[in-house]
Amino acid sequence: MKLTAKQIKNKLTEVMDPELNISIVDLGLIYKVALIKNKVKVLMTLTTIGCPLFSLIETQIKDKIKELGVKEEDISLELTFDPPWSMEKMSKKGRAMLGI
Numbered sequence: 001m002k003l004t005a006k007q008i009k010n011k012l013t014e015v016m017d018p019e020l021n022i023s024i025v026d027l028g029l030i031y032k033v034a035l036i037k038n039k040v041k042v043l044m045t046l047t048t049i050g051c052p053l054f055s056l057i058e059t060q061i062k063d064k065i066k067e068l069g070v071k072e073e074d075i076s077l078e079l080t081f082d083p084p085w086s087m088e089k090m091s092k093k094g095r096a097m098l099g100i
């Protein structure tokens, strides 16, 4: 079975924000997942610029994608703050978990 971007994004729901204990997908931190020639590219943001937990989140993202059979050298993460993260990017589930 061929891996899809949707499967990768679904797997990333297992990565939790260490401070909020909500998945990075439900927080709206994942802007795009692309799969091109067996290489995975994740475009993402953080809730704040300079988040000290980025390296932990990055490691967890790569670990989850590797669980799907992708080699680490075929995974790239791009961090952007354009557009900046806002609560409007959260899923309904994420908002409910925060009581919003």
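Numbered according to full-length UniProt numbering, the sequence shown spans residues 1 to 100. All residues carry an ideal CB built from backbone N, CA and C; glycine is no exception.
In three-state DSSP terms, what is residue i?
{"i": "Leu12", "result": "helix"}
{"i": "Ser55", "result": "helix"}
{"i": "Lys39", "result": "strand"}
Relative to the alpha-carbon of residue i, which residue among the options has its alpha-carbon at the smallest distance?
{"i": "Pro52", "options": "Lys89, Glu14 and Pro18", "result": "Pro18"}
{"i": "Val42", "options": "Glu88, Ser91 and Thr80", "result": "Thr80"}
{"i": "Thr4", "options": "Lys37, Thr59, Ile22 and Ile24", "result": "Lys37"}
{"i": "Glu58", "options": "Pro83, Lys71, Ile75 and Thr48", "result": "Ile75"}
Under a Cβ-count criterion, where at least 16 other Cβ atoms within 10 Å of its own Cβ denotes burial, should residue i be classed as buried or exposed?
{"i": "Asp26", "result": "buried"}
{"i": "Ser86", "result": "exposed"}
Please report the straight-line C-alpha distance between residue i and residue j, rounded to a whole angstrom.
{"i": "Lys62", "j": "Gly99", "result": "29 Å"}
{"i": "Lys93", "j": "Leu29", "result": "14 Å"}
Taking 8 Å as the cut-off, decide whether the C-beta atoms of residue i and residue j are in contact.
{"i": "Lys64", "j": "Val33", "result": "no"}
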